[in-house]
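Working notes for the structure below.
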Amino acid sequence: MYRGTDLPSDGLIAVVKRDCPTCVLTAPVLGDFVQRTGLAVYTQDDPDFPETVPGRIDDTMLDVSHRLRIEIVPTLIRMRGGQEMDRTYGWDRAEWERVSGLTAIGPDLPMSRPGCGAKNIEPGIIEKLKIRHGETGLASRRIELGGGEDEIEAMFDRGWSDGLPLVPPTEERVLRMLSGTARDPQEVIGLCPPDLVPATVEKIAINAVMAGCKPEYLPVVLAAVEAVLDEPFAMHGVLATTMYVGPVVVVNGAVRRQIGMNAKGNALGQGNRANATIGRALQLVIRNIGGGRPQEVDRATLGNPGKYTYCFAEDEEGSSWEPLSVERGLPQGKSAVTVFAGYGLQGVVDQKSRDPESLSRSFATSLMAVQNVKLAPACDVMIVVCPEHERTFRTAGWSKQRFLTRLHELCEISGEELISGAKGIAEGGPDTLAGKMVKKFRPGGILIVRAGGGAGMFSGIIGGWAASGARGSSPVTKEVKT
Amino acid sequence: MSLLLDPTAERSPTVRPRLPRPEKLDGLTVGILDISKPRGDVFLDRIDERLSERGITVKRYMKPTMARPAPLPLRQQIGTEVNLVIEGLAD
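If you read the sequences in order, they're chains A and B. Heads up: the first sequence begins at 1 in the numbering used here, then just goes up one per residue. Heads up: the second sequence begins at 483 in the numbering used here, then just goes up one per residue.
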């Protein structure tokens, strides 16, 4: 049963558009139907088409097409008593004869021709129709802005922004964003701190719109949200700490290239929409859904610029090392995100080492400065190894594991150096450290990814949170599901 | 008119709430903004007297013209110097 009174309750209905060659082909048949049995023809694009049917009905607003759920034109439908009895689409003489109950139709036409996509399901149009017909299924509250109100300013005023302008989350944009996933808009991805509010796919999509994401980024955003809301990541603590950290998102697998992420030159910098907006969307989720705002529950002393957005892809192509997601247990080729509570970037400049031992020592010595040379064990770290540095390990046949093992060996400090007052620095540990060797990093506390441009022997260290591991935050990896 | 979807957990009203009205003025700094309407000063001077008698700190401001919004520097100055503002809207 169809709503509305303008649809004939009995007889034949056809939906066509001039832009479709198959519809043009069937125009004489439609004219013939009018003569023989009567027919209501709805035209999607040109009210003057088909000329063979004088009483054709203008459906350029596409409301009838939408109500009939037309997907292909031409579509031929037989109604009886207000019920649809049968339908066929495209041109197929036998099918049209079956549905219409007529014989010897379109004798000059070929046996069959495929139809064309209907106009009412085109992207950008289907969303408008769903809104007009009250079929969005969106549960979020609508906020009506005054006629004279500037949308961008209104969003700033409501406290939704991270400090930069946002894209207005209209129903149409949110619907289009949700087309990027098959997940139910009301599915709860997790409880979002600090308010511990259910973060639904729909709410996350709204924030992804505001961040500037494309619909195809949404699965990555959802995976990142799922990862930070996983208990081991301790998102509440990462937010509430006075330290610098925020979620750093590393993306692996095919999705990186599908959505055009940057893993190469300036991978950690500006200029790539996917990198920039996925990380931003995650931060907006924490701000708007969770209610986590600076100088409120976010107690960061300094924070870091990565708290606007900190997301990049690993450069897997040409690397001899397994991707981070594989090292962390996912099958090769699976798209995944790994979140790490991190901040900033400390450079590791080494333009002279050409053997892995020398380069490992360079990295290890640089790593000693993380947090403070007087502090060990320190926080977890993520090392971003540039391709020219990775090449040195590759040509020497060093696996990532061998490099990691060597780093842990080298990142060991004699307790005397760590004691409070040693080196004339009050910061440090107790006298009982004397005579001991102390590891700078806990086992598993060094993550390695490969990224960056082909030129430049400049790697980087992303520092972590002092409360790393079980007592605070552990990195979390999640598969990207569409 | 545009319609936006609420990105928050919907724990606050859609309309931006005003700051709550203070229960007492003790310890607060009150701004008095003269919008340059004729004789507005007569009324506002009296308010100033009454508040000052109660030991409340009062700061006086004046818009250059009633016909235009207060200039931005003046709004910023008021925003940083006082806890609440009283202004006379009509003559």
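Note that the Cβ used here is the ideal one computed from N, Cα and C, for glycine as well. Treat the numbers as computed from the prediction; the structure is a model and nothing was measured.
Among the CB atoms of chain A, none fall inside 8 Å of the CB of threonine 562 (chain B). In this structure lysine 440 (chain A) is buried. Its beta-carbon is surrounded by 16 or more other beta-carbon atoms within 10 angstroms. Every beta strand (DSSP E) stretch that sits fully inside the stretch 363-451 of chain A and reaches 3 residues is listed by chain position as 381-385, 412-414, 437-439, 446-450. The contact set of aspartate 157 (chain A) on chain B, defined by CB atoms closer than 8 Å, consists of Arg498 in chain order. One finds Ser484, Leu486 in chain B with Cβ atoms closer than 8 Å to the Cβ of glutamate 151 (chain A), taken in chain order. Restricted to the stretch 508-559 of chain B, the alpha helix (DSSP H) segments that are unbroken, complete and at least 4 residues in length are 522-535, listed in chain order.
Taking the C-beta atoms as reference points, lysine 203 (chain A) is found no nearer than 8 Å to tryptophan 321 (chain A). Residues of the same chain with a CB within less than 6 Å of the CB of leucine 507 (chain B), apart from the 5 flanking positions on each side, are Ile538 in chain order. Just so you know, the alpha carbons of arginine 361 (chain A) and serine 420 (chain A) end up roughly 26 Å apart. Taken residue by residue, none of the stretch 531-543 of chain B has a beta-carbon sitting less than 9 Å from a beta-carbon on chain A.
Distance between arginine 158 (chain A) and aspartate 92 (chain A), taken at the CA atoms: about 57 Å. The alpha-carbon of proline 185 (chain A) is positioned some 12 Å away from that of leucine 218 (chain A).
Taking the Cβ atoms as the reference, methionine 235 (chain A) lies roughly 5 Å from proline 193 (chain A), within the contact range of under 8 Å. For the stretch 308-335 of chain A, the full-length beta strand (DSSP E) segments reaching 3 residues or more read 311-313 along the chain. The residue from A:Pro215, A:Arg36, A:Val197 with its alpha-carbon nearest to that of glutamate 172 (chain A) is A:Pro215. Taking the Cα of leucine 404 (chain A) as reference, the smallest distance to any Cα among A:Leu447, A:Glu412, A:Met368, A:Glu417 is reached at A:Leu447.
For alanine 552 (chain B), no Cβ of chain A is located within less than 8 Å of the residue's own Cβ.
Of all residues in the stretch 118-129 of chain A, none is placed with a Cβ closer than 7 Å to any Cβ belonging to chain B. When the beta-carbon positions are compared, alanine 263 (chain A) and alanine 451 (chain A) come within less than 8 Å of each other. The alpha-carbon of leucine 166 (chain A) is positioned some 17 Å away from that of glutamate 144 (chain A). According to the DSSP secondary-structure assignment, glycine 117 (chain A) is paired through a beta bridge with A:Ile72. The distance from the Cβ of valine 16 (chain A) to that of glutamine 44 (chain A) is about 7 Å, consistent with a contact at the 8 Å cut-off.
Put simply, the CB of proline 502 (chain B) is far from chain A, with every gap to its CB atoms at 8 Å or more. Along the stretch 167-199 of chain A, going in chain order, the ones with a CB nearer than 9 Å to a CB of chain B are Pro168, Pro169, Thr170, Glu171, Arg173, Val174, Cys192, Asp195, Val197, Pro198, Ala199.
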